[in-house]
Each structure stands twice: as C-alpha cells, then as structure tokens.
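Heads up: the sequence shown begins at 1022 in the numbering used here, then just goes up one per residue. Working notes, beginning with the structure itself.
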Amino acid sequence: MSQNVYPSPRPNGPRPQMLIAIALIVVAVLIIAGSVIAYFVLNHNPTPTTGPNNTRPCGTDSPYGFTAIHADQQLIALYNQLGVCWVRYQHHWRQQKKYEVGIETAPGVYNWSQVDSVVALMNQANIHIDFPIQSAPNWEMTQTCNSTPFLPGPGQMYKFAYLLAQRYDGKHGHGHIDAFEIGNEEYDNYSVRECRTANYYGPVLEAGYKAVKAANPQALVGMFGMWYHNLPHIQDFMTYLYSNGFGQYMDYMNFHYYHSGGDPAVTNNDDPSFDLQWQTMHNIAAKYSFGNKPIWVTETGWDDSNPQLQNQYLQYVMSASQKSHVVQKVFWFTINAPFNPKNINPKSGALPSLQTFQGIVRAQPFWN
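As structure tokens, this is what we get:
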C-alpha cells in the first residue's frame, strides 16, 4: 500500500546558500575598506623613525644627527634607513637668501608657516629637533662693532627666543622643538677679528637661555657653534664665558669642526685637532666647576673630492667622540643637499661614508 509523502515545511530563515553569499560579501567589503584605510595612512603619514637597530622609538639620548636645511619626507626615509634620531634644522630669523622666507618678515611680523610644517612632520616621524636661533634681521641688530650693526642685543634675543620656545613647547598646537642653540656661527665668524670676542655674546647667551627656559623649562639650550678654529681664540672665548658667570646659561657647549679640510687627528699650528678642541673647551669648563658640561658638535664634515679620506675622517670623529665621554652628540653636515660637496648621499649615488655612518650607528647605537 502506498504512503502519502508530504513535502517538509520550508524554513522561515534564509537558505544556507544565501547566508554564505552574504558572509562573502561582508568579508569583501571589509577587505576593500581596510585596503583604502591602509593606503591613506601609508601615503599621508610618515613612518615613525625607530632608534638604532630598530629596537625602540628614537630617544633623545641618541648621539647621531645631521644638520639640514631641508627637513622633509626624503630625510625621514634616510633616517629610517640609518637609525638616526636627531636633525639640526636651520631656518633663519630673517630672510637670508632669495629662495628662503625668514621668520620675522618685518618688525614684529612673523611667518611661522615653514617651521610649523617641518616641526609637525618631524614630530610625527619621532625625529628630535635642534634649532639654532640665527641670523637676526637688520632692525634687531643693536650691537655694533667696527661702526657696523652686526648682532642682536640681549633684549632682542630674549623676545624672539621666548616667542619661538613658547610656540614649539608642545602645548600650543604647533608641536615641539627639543633643543635650541643661541646662535649659529655669527658670534665668532665676523670678518673683523676684534668683533669675534665673547663680550658680545655672553649677555645674549644669558638672555636666550632665560627666555627659552621661561617659555619651556624642558627644552635644552646650548651655546652657538664656535666657528673660528684658532686655539688662542677658543681659549680666550671660553674663559671669558666661564669667568664671567655665563657657564650656567647653557646645557651644552658647542663647536663646528671642518679643520680646513684637513686630517682631524692632526693639529696644524693654532688650528687644533678634533681631540684638542673638545679637550680645551672641557678643561676650561672643568676649571670653573662645570666639568660635567657636555659638548655637542653640531656641524662637521668633509667634501667628496676624496671619498676615501672623507670616510676615514668620519670614522675618526665618531670614534673620538664616543670615547671622549664628553662629546654627547655629533651632527654631520650634510645628507640631503643635492649640490653641497659635503653631502654623503649625492644624486650620483651614496658615498662610502653613508654606509660607514650606518654601520657605526648599528654597532654603537648609544654612547656610555
């Protein structure tokens, strides 16, 4: 006898095939959305720079940097490659060259746009900034020598340094600058030697230091980078600063070392070797109870006319600095200036010094 067979009731929910289709569509949408977000992030935000050996984010204790006038995405890429954490960014108080806009464009009128953009970019990439306060405009030059206005006075330095340090204190929406130098080379590179004496500089250093610390107590303040590589001058200048009480108004001493293109291990008459220069400055500081005052070398470099010698001299300066336990940081000049002969990464291809620099950072990421 036959049995009546009735079809099973149809489920109230969607069929399994439909559920699978919906799930696949959702997954596809999520993948596409994730790809779009990743693309935006990678193309609109610089990759944060890590410290040497990529072991941790860049710290202020990293001893390596470059002096540069172009702090841009290319610099970030190079820093990521090298494991370098500091940039000494130069942008003038006044308009120095036709293609450059200075900060103070007229008395009391300031254009911060370029510095704002660089600080934002470097902060985002976790690169620390040392900023020399240099090249005052003519209307701020109240000190005269040889009947010529040539340097700002303490009042002018205080006002501008305070504005600068306050703007970039990390609390006013413009990012932060880690360290400031009171001057670049202008305090001992004037063409008339009598105008290179420390009496023009000491009160300006004090004013700049007090201004920065009043605006941002956490910021470091250093002296300008001594330019005149003459041993009696170095002795006289530093002795004046310390004997007249100005040693307390700097967190670090500073000099630039080019040695007329010669061997940094050799003293030539009154042109001291690298070791003799830092030792001279350190010994004078120690004489006046500032033996723990560190030194930053914020510019040093040799041109590329002999790449092997350039490489040799770089190794010497870095090794001597690391062994000194006094030199705290070295900023090489330079890495991203296409037409500068001291650039160790020219368009024609990286010089041996670039690979050496990278190897030094990896082998000795921090100095004791």
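For every residue, glycine included, the Cβ atom is placed at its ideal position computed from N, Cα and C.
Ignore the nearest five residues each way along the sequence and tell me which others in residue i's own chain have a CB closer than 6 Å to its CB.
i, result
"Asn1064", "Note that Asn1064 scores 39 on pLDDT, short of 50, meaning its location in the model is unreliable and no value can be drawn from it."
"Thr992", "Here the chain comprises residues numbered 1022 to 1389, so residue 992 is not present and cannot be evaluated."
"Ser1374", "Gln1331, Asn1332, Leu1335, Ile1365"
"Tyr1027", "Residue confidence for Tyr1027 is low, a pLDDT of 31 falling below 50, so the modelled location carries little weight; the figure read from the coordinates is stated next. Cβ neighbours of Tyr1027 beyond the five flanking positions: none."
"Glu1161", "Pro1173, Gln1177"
"Tyr1273", "Gly1243, Pro1315, Trp1317"
"Ala1232", "Tyr1179, Ala1182, Tyr1183"
"His1303", "Val1347"
"Asp1137", "His1195"
"Pro1238", "none"
Pop quiz: residue i and residue j are said to be a contact at Cβ under 8 Å. What is the actual Cβ separation, rounded to whole angstroms?
i, j, result
"Pro1174", "Val1140", "In the sequence as presented, Pro is not what sits at residue 1174; that position holds Gly. Between Val1140 and Gly1174 the Cβ distance is about 27 Å, and since that is not below 8 Å, they are no contact."
"Arg1115", "Ala1146", "Not quite, the Cβ-Cβ distance comes to about 28 Å (not below 8 Å), so this is no contact."
"Gln1379", "Leu1103", "5 Å"
"Gly1328", "Leu1372", "Rather than Gly, the amino acid found at residue 1328 in this sequence is Pro. About 5 Å separates the two Cβ atoms, so the contact holds."
"Ala1228", "Phe1258", "The pair is not a contact, with the Cβ atoms about 18 Å apart (cut-off 8 Å)."
"Phe1431", "Gly1223", "Look at the range of the chain in this structure, 1022 to 1389, and you will see that residue 1431 is not part of it."
"Pro1084", "Lys1344", "Incorrect: roughly 12 Å between the Cβ atoms, too far for contact."
"Gly1129", "Val1105", "With 8 Å as the limit, Gly1129 and Val1105 do not qualify as a contact, their Cβ atoms being about 37 Å apart."
"Glu1207", "Gln1155", "6 Å"
"Val1122", "Gln1111", "14 Å between Cβ atoms; not a contact."
Take residue i and list the residues in its own chain whose beta-carbon comes closer than 8 Å to its own, dropping the five residues that flank it on each side.
i, result
"Asn1210", "Arg1217, Trp1248, Tyr1249"
"Gln1117", "Gly1123, Ser1156"
"Tyr1263", "Ile1305, Ala1306, Lys1308, Tyr1309, Phe1311"
"Lys1368", "Pro1359"
"Asn1389", "His1346"
"Phe1387", "Pro1073, Asp1082, Ser1083, Pro1084"
"Ser1326", "Pro1362"
Here's a check: name, in chain order, each residue in its chain whose Cβ is nearer than 7 Å to the Cβ of residue i, leaving out the five neighbours to either side.
i, result
"Met1271", "Leu1226, Tyr1230, Val1242, Gly1243, Met1244"
"Asp1291", "Asn1251, Leu1252, Pro1253"
"Asn1361", "Thr1355"
"Thr1081", "His1149, Asp1199"
"Ser1294", "Pro1285, Ala1286, Val1287, Thr1288"
"Ala1236", "Tyr1183, Ala1186, Gln1187, Asp1190"
"Ala1059", "With a pLDDT of only 38 at Ala1059, under 50, the local geometry of the prediction cannot be trusted, and the value read off the model is given with reservation. For Ala1059, where only same-chain residues beyond five positions count, there are no Cβ hits under 7 Å."
"Gly1370", "none"
"Ala1341", "Phe1295, Asp1296"
"Asn1144", "Gly1196, His1197"
"Val1382", "Pro1073, Tyr1085, Leu1103, Gly1104, Val1105"
"Phe1171", "Met1162, Gln1164, Thr1165, Tyr1211, Cys1216"
"Leu1096", "Ala1089, Val1108, Asn1357"
Measuring alpha carbon to alpha carbon, tell me which residue in the options is nearest residue i.
i, options, result
"Gln1298", "Ser1369, Pro1238, Leu1252", "Leu1252"
"Gly1282", "Ser1264, Ala1236, Tyr1334", "Tyr1334"
"Met1178", "Tyr1261, Leu1372, Gly1204", "Gly1204"
"Asp1093", "Ala1186, Asn1357, Lys1368, Thr1377", "Asn1357"
"Tyr1261", "Ala1240, Ala1306, Pro1238", "Ala1306"
"Ile1124", "Arg1188, Thr1321, Tyr1085", "Arg1188"
"Asn1400", "Leu1142, His1113, Asn1144, Met1143", "Residue 1400 cannot be examined here, being either before or after the span of the chain that is shown, 1022 to 1389."
"Asp1324", "Glu1202, His1280, Asp1296, Met1339", "His1280"
"Asn1408", "His1091, Ala1127, Gln1349", "Past the edges of the chain, shown from 1022 to 1389, lies residue 1408, and the structure says nothing about it."
"Ala1098", "Tyr1208, Leu1142, Asn1389", "Leu1142"
"Ala1240", "Asn1101, Phe1201, Gly1129, Glu1121", "Phe1201"
"Trp1107", "Gln1117, Thr1088, Tyr1222, Met1302", "Thr1088"
"Arg1214", "Asn1167, Pro1238, Lys1234", "Asn1167"
"Tyr1221", "Asn1265, Lys1192, Asp1151, Lys1234", "Asn1265"
"His1091", "Ser1340, Phe1171, Pro1359", "Pro1359"
"Ser1212", "Gln1376, Phe1387, Thr1169", "Thr1169"
"His1277", "Thr1165, Gln1117, Val1338", "Val1338"
"Gln1256", "Lys1234, Thr1301, Lys1363", "Thr1301"
"Tyr1100", "Glu1206, Gln1376, Lys1368", "Gln1376"
Taking Cβ positions only, does residue i come closer than 8 Å to chain D?
i, result
"Phe1171", "No chain D appears in the structure shown, which is made up of a single protein chain."
Open item on the list: In chain order, what are the residue ranges of uninterrupted alpha helix (DSSP H) at least 4 long that sit wholly in the segment 1305 to 1346?
Closed with: 1328 to 1345
Task: Those runs of the alpha helix (DSSP H) which lie wholly inside the segment 1077 to 1127 and span at least 4 residues - done: 1094 to 1103
Task: Segment contact, 8 Å Cβ cut-off, at least three pairs: the segment 1179 to 1197 with the segment 1305 to 1316 - done: no
- [ ] May I have a chain-ordered list of the beta strand (DSSP E) segments no shorter than 3 residues that lie completely inside the segment 1191 to 1240?
- [x] 1200 to 1203
Open item on the list: Please give the ranges of any alpha helix (DSSP H) in the segment 1119 to 1171, keeping only runs that are unbroken, at least 4 residues long and fully inside the region.
Closed with: 1134 to 1145
Open item on the list: Please give me, in chain order, every unbroken run of the alpha helix (DSSP H) with length at least 4 that falls completely inside the segment 1242 to 1266.
Closed with: 1252 to 1264
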